[in-house]
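In my numbering, the protein residues as written are 327 to 678. Reading through the structure tokens given below for one structure.
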Amino acid sequence: MRLGIIIHGPEVIDTGRAEHLIRFLSEMGYCEVCIGGVMGAIAVMDACLENVIDISRREKVSEAMVRMDRSCDVIVLLNHAKTRESGIAFGSILMERLSHELEHPAIQLDIDFILPLNQKADPIAREISPRLNLEVESLTSDRSHYMSRALHGVIPGENIWINGNVIGKALDESITIRIDDGFPIFEGVEVKEDGLRKVLPFDLHDAMIRTGHIRRTKAVPRSVDKRSNGKIMLIDHCAEDSFFETEDASLAITVGDDTTRIAGALLYRKGMSIIGITDGDEDGICGEEVFSSGSVILKLHPGNDDFLGKEVRDRFFGDDVHAKMRSTATELVEMIIEMAGDRIKEILWIGS
């Protein structure tokens, strides 16, 4: 039997549970393992599991499941939800999209339960549940998310993300997002208008919506050597995308406090330095603060990072986010410092 295993998020890796479950599932047959999402990929690197878990593809969980279904006999989703309720809701929403696309049994192994994702998976779930000491649950029949999306198990004060951008903070343990005449209406959310503008318009059905930190668990960050190729990249939003989009770059310029912190942590794993442009309005969505040696962080007076970021884009990148490096990294830093002028409050140099 061939099993296709998709790992969702870093937590199931950081806790060591992914390794345990992969060993267990390997007793049932050959396992092909991949990751869904960016933060899971860096967790794989931190755990030195690149030879076990494929992180070469940039895929959503749903995309990986459909791909695996073409070549595997059973699909297994490894998840680490905040609560049982949120884990069941995740699997249920996922299968509303995939119910007609998967031909083989699919199950979700979560914090303390097994969720058969289709009827074909019921016998497998019943068979392995006692061996893993997990209770078998059922998909929810609540179909209200066709017109709205509800998130449960939320901690009040947590950030709410849509497609990689913070759009507000939770005011309640459950929040709801619905679309009215093409515009999103939020219940239980203190909306951050400038963050919301960055994601509009979005498809409520397909949008990636989540809460809290980008990585709830901790691990020792691991860095690899990076080869220089004379190209630079601009990252001014959706910092998580930088993990896959910087393959042909040797230096990144990041704009925004959260973008700089997230991209810095991700690119540290690749040994890539950054020039960060920040102004102190961080939302606190990334618990790590780690940058590759040679990085420089420009801390500007409040309200200036986006303006300087636009000036940098116009001067070095134009309409693209990639550019050929026409000067040394040191010279590039000096040029940006000169452009910033008296808007600079502090400069942080990450020693080599």
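For every residue, glycine included, the Cβ atom is placed at its ideal position computed from N, Cα and C.
So, residue i versus residue j, is the Cβ gap smaller than 7 Å?
i	j	result
I600	A578	yes
V525	G494	no
T502	E519	no
L624	I588	no
T543	I561	no
D607	D583	yes
V517	A496	no
L329	L351	yes
I368	L592	yes
A432	A447	yes
V462	I440	yes
V359	I331	yes
H478	M559	no
F617	I676	yes
Taking DSSP as the reference, what is the three-state secondary structure of residue i?
i	result
M559	strand
R452	helix
E672	strand
E513	strand
S618	coil
F528	coil
I535	strand
V647	coil
E499	coil
R475	strand
L329	strand
I540	coil
G362	strand
H346	helix
I588	helix
Report the rounded CA-to-CA distance for residue i versus residue j, giving the unit in angstroms.
i	j	result
I361	K557	28 Å
P510	H531	12 Å
S397	H430	10 Å
D498	G483	8 Å
I348	K596	26 Å
K636	V659	16 Å
I488	A390	20 Å
D304	D668	Since the displayed the chain opens at 327 and closes at 678, residue 304 lies outside it and no answer follows.
A703	M598	Lying before the first or after the last residue shown, residue 703 is absent from the chain, which here runs from 327 to 678.
E345	I333	11 Å
S576	N555	6 Å
S619	D399	45 Å
S388	H563	23 Å
I535	E411	16 Å
G521	K386	22 Å
Please specify which runs of the beta strand (DSSP E), each continuous and at least 3 residues long, are wholly inside the segment 370 to 437, giving them in chain order. Within the segment 370 to 437, the complete beta strand (DSSP E) runs of at least 3 residues fall at 400 to 404, 432 to 435.
Three or more C-beta pairs closer than 8 Å, one from the segment 327 to 344 and one from the segment 398 to 407: is that the case here? These segments touch.
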